[in-house]
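First the structure, in the form of structure tokens, and then the observations on it.
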């Protein structure tokens, strides 16, 4: 996989597609092109390279103090291990007087205690420093310093993420899935719920985990101080496709975010003709029980809202890049690509697959 | 003082293992030969070995499950296992290692060693001891039977609801686990009660609490903890089974229940359990290391107190498994602080071991290699635990491979390595033969290198954001290389375990004869022949220090007040041992010990029938099981003449028998 060698269409736009799955037979350039079709402002920090799920570097006022604390505790930990290995090797290999197997005499009984006193004393001091630092960081990140600019409800499903954007007036409310957009540089309140089992919301570069637990609403917040695409993944075991439950956070400059929001709020543009109309009818019949396309006849709520499917970079909760080929393969046999997914393999009549695919391509 | 009719003051005599008294005891304590003995033995040494062998069988099964998972994860997007198979494997791997190996293997050590360490002839309740083993075996088989119907537990070993509820898990998978754990909890509870009473009542005269080996401190602490927390998990699984099969809604928010209730109940048990499966193992090191350092443990009192202190704090840290569940920051900070501070007693122990090595004169046996390298693994597992104790950091670390690395450094580093060292240390006592030291070096280095190659990279996978419990991962998130290294390392570690088993198999037949005390070790068990006779001690010894066999060399006790190992109470009117007072171990009563019996086996079988009845929801089978249980209980409690105390002439003076 060598996305990064692909064209960089603007100077601070990097390789966003590291997170997509690579399957043989699909040209990486396709998905790259698709993602770059999203405005240039979607920059991503290339220095993260392939390590986009790492959290030893972070972005935003929530991540920074935690990154520092993580490095700090890591350094303390490595130092402790090094010191103990050193003391052990010293203890084992230090030169001893001859007669090495004689049992130590009682006057030597107490002579090791100083090790315990000093060692425990130093440990106590270190632990209290760590505890104090922990409390400071906890207090700093438990809530944002500024009022959130946006409230986002994330609902966990087996095995995808529903994202409901609240808004005022109510006509600004809309729903999307698996790819959430946020404005750069401002805290976003995230409320977490689950429709089935426990999931956990985790965008490593932005914030740690908070669980989505049925019967309760948890709250967390995220903030990105750099435009970019941040990968996240469910981190509480939630069944067969726990591994296939990723999501992306796209942080954009506020004006780009507003554009995106307006586009998402709008119903689907269903002005197609000919084959597209056939495709839409087939979609309503075959897929409409579970999926919604706002403005059309499909209003199911079991699966992701597909009103603006083509605006997303991935399908199947981050599993596959959103290309015509994958989309078609996914509809034809979701169980092969994501064994156990709740999307059934629907038996389609001849031509229906192509028609549905063609229709979905119009959901910009 | 006038003696009551049923009082008897036993004779005090000097007798060795070749005396007529020994021959008489041999006849009194002999287990029937053949299958009768196998099914009816209540001897703590037999039961200890059984615990040990059974635990190792589950270790091997759990290891095979792990290897299958490691093959699946060796590269990205592999399709060796289906997601469902993977879920069952990681769940059974956890159950096997944590419940069916780590705890029971230490019960094996303690069952075998306690009476020998304490100067007694058996555990306080030998039949309960047999029952504890049989129920452990059958509960383990009960859970493993789920594989036969292709429906092994599949929601992880901590089995969160609602993924474990009937709605999302309609098969029998979780029922095997829920009922099996209630069953197993019975075994753990009666076993723990037995350890506690044994400790309080059957120590040899003079073995006051401050003279106990640290292993005894560890197992006692673990046993008290088990008695307190096993009810939590048994209740949790019972309520879950009610939810699943009777339609109650303890954990279902739609009926007013709470998914988090499960997590609280489980971890109130789960965290102390973690300490229960490491404290006795730390005790093995605290007792074994000094032998090979040729000096007593530095800071005995501090180490004993740190054992108890760890457990005391261990009751108050369960919430650190739940930092991401949305609890208020005030609660989090309290539990975070407690979880950081719990490292202190461990620091005491670590520096005591280091000081023991540094101020001693190490003898480089295989056991020493295991014990000393354990210190490093302990500290690595400790500092990664310290990192997860910090809430903001744990929000990142939890549920990643960093935690997987941490818990394996804890459970393998602090359980398997001391156990392996303990095998090298006590194998000669148990079998009369030494393990091969040359093969032992190969064994140690393969295990040590393999273990670190397998599990150290998991820290890095975790820091790179790899969640645990995923059956596969994409190629381009950077996790491929570390996973391949881990898979190769796990194979090497498996070879290391095989070398241990090979050494045991070879040395059982061809090992060098050990003699009573091949290591010149200080504690009481080494005063008995190897292997010890069934009655352990010809006469009940009198203990004057922590190191009865080193008193002369250490010179810490005046010659006339030293421990007397060949002179003590003669208890030979049936199976008998001495009961002593709880704190000072003053002679108190003669304990009549039961003969071998089939009843514990029958009782455990009846329990199995009952649980199978509940599992298949067949009222007749369940009722038959309960009826059999009642019958077994009646048989158990049926008065036996031989257990009645008999009057005898008080004998005033010591005599040679």
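Protein chains in written order, with the numbering used here: chain A, 1 to 364; chain B, 1 to 657. Virtual Cβ for every residue (Gly too), placed ideally from N, Cα, C. In this text, all values refer to a predicted model and were calculated from it rather than measured experimentally.
Opposite residue i in the DSSP bridges: which residues?
i, result
"residue 590 of chain B", "B:578"
"residue 408 of chain B", "DSSP output for residue 408 of chain B lists no bridge partner at all."
"residue 305 of chain A", "A:292"
"residue 182 of chain B", "BP columns for residue 182 of chain B are empty, so no partner."
"residue 150 of chain A", "A:188"
"residue 162 of chain A", "A:155, A:177"
"residue 248 of chain A", "A:179, A:231"
"residue 467 of chain B", "B:400"
Determine the chain B residues that contact residue i at a beta-carbon separation under 7 angstroms, and present them in chain order.
i, result
"residue 256 of chain A", "Going along chain B, no residue has its Cβ under 7 angstroms from residue 256 of chain A, so there is no contact; the nearest lies around 26 angstroms."
"residue 209 of chain A", "324, 395, 398, 399"
"residue 193 of chain A", "What residue 193 of chain A touches in chain B: nothing, since even the nearest Cβ is about 11 angstroms away."
"residue 90 of chain A", "358"
"residue 348 of chain A", "Per Cβ cutoff of 7 angstroms: no residues; residue 348 of chain A is ~25 angstroms from chain B at best."
"residue 85 of chain A", "376"
Could you list which residues in chain A have their beta carbon closer than 9 angstroms to that of residue i, in chain order?
i, result
"residue 87 of chain B", "237, 239, 240, 242"
"residue 11 of chain B", "None at all; the shortest Cβ gap to chain A is about 34 angstroms."
"residue 174 of chain B", "Correct list: empty, because the minimum Cβ distance to chain A is about 13 angstroms."
"residue 524 of chain B", "What residue 524 of chain B touches in chain A: nothing, since even the nearest Cβ is about 17 angstroms away."
What in chain B is Cβ-close to residue i, meaning under 8 angstroms?
i, result
"residue 135 of chain A", "333, 336, 337"
"residue 94 of chain A", "358"
"residue 204 of chain A", "396, 465"
"residue 138 of chain A", "329, 332, 333, 336, 391, 392"
By the criterion of Cβ-Cβ separation under 8 angstroms, what are the contact partners of residue i in chain A?
i, result
"residue 92 of chain B", "The premise fails here: residue 92 of chain B is roughly 14 angstroms from chain A at the closest Cβ pair, so nothing lies under 8 angstroms."
"residue 340 of chain B", "127, 130, 131, 134"
"residue 299 of chain B", "112, 113, 116"
"residue 288 of chain B", "Simply none; closest approach about 15 angstroms."
"residue 156 of chain B", "237"
"residue 177 of chain B", "In chain order: nothing, as chain A lies at least about 14 angstroms away."
By the criterion of Cβ-Cβ separation under 7 angstroms, what are the contact partners of residue i in chain A?
i, result
"residue 275 of chain B", "Within chain A, no residue comes near residue 275 of chain B; the closest Cβ sits about 18 angstroms away, beyond 7 angstroms."
Round the Cβ separation of residue i and residue j to the nearest angstrom and send it over; I've been treating them as touching at under 8 angstroms.
i, j, result
"residue 184 of chain B", "residue 90 of chain B", "Incorrect: roughly 19 angstroms between the Cβ atoms, too far for contact."
"residue 323 of chain B", "residue 274 of chain B", "That belief does not hold up - the Cβ atoms of residue 323 of chain B and residue 274 of chain B are roughly 16 angstroms apart, past 8 angstroms."
"residue 154 of chain B", "residue 245 of chain B", "That pair is no contact at about 17 angstroms."
"residue 58 of chain B", "residue 608 of chain B", "Not confirmed; about 17 angstroms, so no contact."
"residue 424 of chain B", "residue 439 of chain B", "Residue 424 of chain B to residue 439 of chain B, Cβ: 11 angstroms. No contact."
"residue 238 of chain B", "residue 611 of chain B", "Not confirmed; about 12 angstroms, so no contact."
"residue 19 of chain B", "residue 538 of chain B", "6 angstroms"
"residue 204 of chain B", "residue 319 of chain B", "Between residue 319 of chain B and residue 204 of chain B the Cβ distance is about 42 angstroms, and since that is not below 8 angstroms, they are no contact."
"residue 111 of chain B", "residue 123 of chain B", "7 angstroms"
"residue 541 of chain B", "residue 568 of chain B", "5 angstroms"
Chain B partners of residue i, CB-CB under 9 angstroms?
i, result
"residue 70 of chain A", "387, 390, 392, 393, 396, 397, 463"
Near-chain A residues of the stretch 394-425 of chain B (beta-carbon distance less than 9 angstroms), N- to C-terminal order: 394, 395, 396, 397, 398, 399, 400
Contact between the stretch 235-254 of chain B and the stretch 139-149 of chain B (3+ Cβ pairs under 8 angstroms): no
Contacting positions in the stretch 207-223 of chain B - beta carbon closer than 9 angstroms to chain A: none
Within 8 angstroms of chain B by C-beta, residues of the stretch 273-287 of chain A in sequence order: none
At least three beta-carbon pairs within less than 8 angstroms, the stretch 220-232 of chain B to the stretch 166-175 of chain B: no
Three or more C-beta pairs below 8 angstroms linking the stretch 165-182 of chain A and the stretch 129-145 of chain A: no
Three or more C-beta pairs below 8 angstroms linking the stretch 281-298 of chain B and the stretch 349-362 of chain B: yes
Chain B contacts made by the stretch 109-124 of chain A, where a contact means CB separation under 9 angstroms: 109, 110, 111, 112, 113, 114, 115, 116, 117, 118, 119, 120, 122, 123, 124
Cβ pair count under 8 angstroms reaching 3, the stretch 249-268 of chain A against the stretch 176-194 of chain A: yes
Cβ contact check for the stretch 266-284 of chain B and the stretch 500-519 of chain B: 3 or more pairs under 8 angstroms: no
Selection of the stretch 50-61 of chain A by Cβ proximity to chain B, strictly under 8 angstroms: 50, 51, 52, 53, 54, 55, 56
Residues within the stretch 454-473 of chain B neighbouring chain A, beta-carbon criterion of under 9 angstroms: 463, 464, 465, 466, 467, 468, 469, 470, 471, 472, 473
Cβ contact check for the stretch 471-485 of chain B and the stretch 68-79 of chain B: 3 or more pairs under 8 angstroms: yes
Three-pair Cβ contact test at 8 angstroms for the stretch 196-208 of chain A versus the stretch 327-334 of chain A: no
Contacting positions in the stretch 476-491 of chain B - beta carbon closer than 7 angstroms to chain A: 476, 477, 478
Short-range partners of chain B found in the stretch 155-167 of chain A, where Cβ spacing is below 9 angstroms: 158
Chain-ordered residues of the stretch 127-148 of chain B with a beta carbon less than 8 angstroms from chain A: none
Contacting positions in the stretch 57-85 of chain B - beta carbon closer than 7 angstroms to chain A: 82, 83, 84
Given 8 angstroms, three or more beta-carbon pairs between the stretch 202-212 of chain B and the stretch 48-64 of chain B: no
Short-range partners of chain B found in the stretch 173-199 of chain A, where Cβ spacing is below 8 angstroms: 192, 196, 197, 198
Cβ contact check for the stretch 346-355 of chain B and the stretch 368-378 of chain B: 3 or more pairs under 8 angstroms: yes
Cβ pair count under 8 angstroms reaching 3, the stretch 68-75 of chain A against the stretch 392-403 of chain B: yes
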